[in-house]
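Okay, structure first, notes after.
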Ligand code: SAH
């Protein structure tokens, strides 16, 4: 096998076998990484031109009933101060976001039972009633088919639920026993069946991760064919059992992002905050590896630092308007154009 030949094959066929992906991950070197990124950028351009879509991220609760070993807002972390935004506070974020030109709002939080289905429905409906030209993305974890269906019927358009790792053994090293990979995958399938635009994804260099695990993640997303893929480097949080684990590498992140673009040419792939946290030009590097979405923070500044999934998260002190301006400048400097439309996946039609 030969890395360049495999990249060419992937570029032409948008598909590779697991052993071919592993071969690339084990052997790829500098010039080949540039070549891979070039192919990823050309592929992204065919579908989305030079556009980068923006989504306003509202982190509305950091309470969580789960205890994922890597996550700073895990239940057993007693050292963080917990917060919830009420409907008015959420609507203030949305109002401000709308004024700043956002047409997609991502509501993300821990798995917080305080927010019953009825409360989520009320939030979704309030946003949709006021701004019916906007898309709503939910990212609130594992729920039943019925709950997902109710949120969708209330007007939610998209759902982000990273699968975290597609390998069962690896999943069990990152999560307590009550959390099952099979359930997470079932949730993703339910979300697809209901008609959401769905986002799966995983961390790069999470503890115990091998190149074989990463290849399984890539094969998994190829098969699931989600509309969105969220991928970012693992970054340790000082109050978790993984506090001494090394930070994910930018190079590895870039390779995986570019491979993802080539496997799923029309996917919406964010250059994540985590990527911007491990390197000041991380998000730009992501755009140059085929990413086409950024998700600036719209949460009120007084809660920003409390939504600490990992240490040293960037932009926790900036006002929403500053973030919006900063991100536009960065996108333009990198040679891309900020697109403020809803930014649906081009292959997606909302079911009737
Ligand atoms: N409760 C929601 C949202 C989770 S937070 C859910 O279950 O989907 C969003 C994502 O942040 C997670 O899916 C995870 O991949 C990522 N994340 C959590 N801890 C992290 C860490 N220490 N480093 C990098 N990413 C992390």
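Numbering (this note's numbering), first residue to last: 1165 to 1516. For glycine and all other residues, C-beta sits at the position ideal for the given N, C-alpha and C. Note that the coordinates shown come from a computational prediction; the quantities given were computed from them, not determined experimentally.
Helix, strand or coil: how does DSSP classify residue i here?
i, result
"residue 1384", "helix"
"residue 1271", "strand"
"residue 1492", "helix"
"residue 1412", "coil"
"residue 1169", "helix"
"residue 1215", "strand"
"residue 1453", "coil"
"residue 1248", "strand"
"residue 1264", "coil"
"residue 1367", "strand"
"residue 1373", "coil"
"residue 1549", "In the structure as shown, the chain begins at 1165 and stops at 1516. Residue 1549 is therefore absent and cannot be evaluated."
"residue 1225", "strand"
"residue 1459", "coil"
"residue 1189", "helix"
"residue 1357", "helix"
"residue 1394", "strand"
"residue 1220", "strand"
"residue 1200", "helix"
"residue 1180", "coil"
"residue 1259", "helix"
"residue 1473", "coil"
"residue 1352", "helix"
"residue 1343", "coil"
Kindly indicate which residue of the options has the alpha-carbon position closest to the one of residue i.
i, options, result
"residue 1438", "1477, 1190 and 1428", "1477"
"residue 1148", "1345, 1229, 1416 and 1388", "The shown model of the chain, from 1165 to 1516, leaves out residue 1148, and the question about it has no answer."
"residue 1219", "1239, 1267, 1242 and 1240", "1267"
"residue 1355", "1379, 1366, 1316 and 1341", "1316"
"residue 1513", "1362, 1166, 1256 and 1475", "1362"
"residue 1430", "1260, 1502 and 1390", "1390"
"residue 1200", "1178, 1412, 1168 and 1177", "1168"
"residue 1242", "1249, 1248, 1345 and 1228", "1228"
"residue 1451", "1166, 1179, 1214 and 1184", "1214"
"residue 1303", "1402, 1411 and 1224", "1224"
"residue 1379", "1187, 1166 and 1172", "1187"
"residue 1176", "1428, 1272, 1491 and 1481", "1428"
"residue 1291", "1385, 1348, 1275 and 1261", "1261"
"residue 1269", "1324, 1238, 1423 and 1341", "1324"
"residue 1357", "1365, 1482, 1313 and 1367", "1313"
"residue 1456", "1481, 1491 and 1441", "1491"
"residue 1407", "1504, 1198, 1170 and 1475", "1475"
"residue 1235", "1274, 1248, 1296 and 1217", "1274"
"residue 1472", "1459, 1277 and 1400", "1400"
Assuming residue i and residue j form a contact by the criterion Cβ under 8 Å, report the distance between their Cβ atoms to the nearest whole angstrom.
i, j, result
"residue 1264", "residue 1468", "Actually they do not touch by this definition, with Cβ atoms about 16 Å apart."
"residue 1254", "residue 1222", "6 Å"
"residue 1338", "residue 1329", "7 Å"
"residue 1207", "residue 1425", "6 Å"
"residue 1434", "residue 1413", "About 18 Å separates the two Cβ atoms, so there is no contact after all."
"residue 1470", "residue 1245", "6 Å"
"residue 1327", "residue 1352", "6 Å"
"residue 1440", "residue 1446", "5 Å"
Please tell me whether residue i has its Cβ less than 9 Å away from any Cβ of chain B.
i, result
"residue 1177", "Protein chain content of the structure displayed is limited to a single chain, and chain B is not contained in it."
>> Runs of 3 residues minimum, wholly inside the region 1277-1337: which ones carry the beta strand (DSSP E) assignment?
In response: The DSSP assignment places 1299-1303 and 1322-1324 as complete runs of the beta strand (DSSP E) inside the region 1277-1337, in order along the chain (cut-off: 3 residues).
> Quick one: complete alpha helix (DSSP H) runs, 4+ long, within the region 1412-1439?
Replying inline: Within the region 1412-1439, the runs of alpha helix (DSSP H) that reach at least 4 residues and sit entirely inside it are, in chain order, 1414-1427.
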